[in-house]
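Chains as they are written, first to last, in the numbering used here: chain A, 27 to 140; chain B, 2 to 117.
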Amino acid sequence: NAGVMQNPRHLVRRRGQEARLRCSPMKGHSHVYWYRQLPEEGLKFMVYLQKENIIDESGMPKERFSAEFPKEGPSILRIQQVVRGDSAAYFCASSINSGSNEQYFGPGTRLTVT
Amino acid sequence: AQSVTQLGSHVSVSEGALVLLRCNYSSSVPPYLFWYVQYPNQGLQLLLKYTSAATLVKGINGFEAEFKKSETSFHLTKPSAHMSDAAEYFCAVSEGVGGSNYKLTFGKGTLLTVNP
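Put into structure tokens, the structure is as follows:
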């Protein structure tokens, strides 16, 4: 049973480019959560999505960041016009139940902005 | 608002020695508490969780943690360290029943090294 998959594992972007991070939840899970880990910090909640719905985006920066979880395909975290401060590890988690703290995490995507 | 403090960003023990990783939390509501482990290049794996039942929680790989409300602590212990325990450990808190209990708040992590 495959776990949570994230790709790419490492992503390098120049300032001003767009970054797209993908997350495929565990089989049977329809709830996805994104967290960001800045250097020397703990993981911080960004957004909670169900299929085709954003449930809670209270942790998302107001500009340049967006997330979606379409009916088909992976969840996407999109960062437009990246800046050096966006360099971080981005983790995706999924759960089988609605709004659950029993979350299964992927290996993360390390984004580096040059 | 909730927060988690992990004392010691790096803990080093000898194989066979006691492992003690410290975690203190603050929460305005009764919390749920978690310990996760992350091995290199892998995702976070749940070790154990406290959800207001028994205060002493047993997890995988011989780890356990005790919830102490008076001390607002949830320290992780293992009686005898094994080389395979070397990893980074994260303590996390969420709101309990009701509210946004899916929103985990993490500490900065403690890197555990085990010396032969």
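Idealized CB from N, CA, C, for every residue including glycine.
Each residue's CA atom was taken as its position, placing Cys49(A) and Ser113(A) some 18 Å apart. Rounded to the nearest angstrom, the Cβ distance from Ala82(B) to Val115(B) is 5 Å, consistent with a contact under 8 Å. Close to chain A, meaning a Cβ-Cβ distance shorter than 9 Å, are the following residues of the stretch 22-54 of chain B: Tyr33, Phe35, Tyr37, Gln39, Asn42, Gln43, Gly44, Leu45, Gln46, Leu47, Lys50, Thr52. As computed with DSSP, Glu67(B) is found in a beta bridge with Leu57(B), His76(B). Take Arg90(A), set aside five residues on each side of it, and the residues of its chain with a beta-carbon closer than 7 Å to its own are Ile105, Gln106, Gln107, in chain order. Nearest CB-CB separation between Phe71(A) and chain B: below the 8 Å threshold. Nearest to Tyr37(B) by C-alpha distance, out of Tyr103(B), Gly60(B), Leu8(B), Asn102(B), is Gly60(B).
Gly68(A) reaches chain B at Val5, Gln7, Phe91, Cys92, Ala93, Thr106, Phe107, Gly108, Lys109, Gly110, counting residues in chain order whose Cβ is nearer than 9 Å. Under the three-state reduction of DSSP, Ser124(A) is assigned to coil, being neither helix nor strand.
Taking 7 Å as the upper bound on Cβ-Cβ separation, chain A lies near no residue of the stretch 55-79 of chain B. With contact defined as three or more Cβ pairs closer than 8 Å, the stretch 9-27 of chain B and the stretch 49-60 of chain A are not in contact. The C-alpha of Leu64(A) is placed about 15 Å away from the C-alpha of Leu37(A). Spatial neighbours of Met86(A) in its own chain (CB-CB distance under 6 Å, excluding positions within 5 residues in sequence) are listed in chain order as Met72, Val73. Counting only runs of 3 or more residues that sit fully inside the stretch 32-96 of chain A, the beta strand (DSSP E) segments are 36-39, 45-50, 57-63, 69-76, 79-82, 91-94, in chain order. At the C-beta level, Gly108(B) and Gly134(A) stay beyond 8 Å of one another.
A distance of 8 Å or more separates the beta carbons of Phe68(B) and Leu48(B). Per DSSP, His83(B) lies in no beta strand (DSSP E) segment and is marked neither H nor E. The C-beta of Gln129(A) comes closer than 8 Å to at least one C-beta of chain B. Annotation for Ser15(B): Asn116 place their beta carbon closer than 6 Å to its own, counting only its chain and skipping 5 residues before and after.
Your pair Glu89(B) and Thr106(B) does not check out as a contact, with CB atoms roughly 17 Å apart and the cut at 8 Å.
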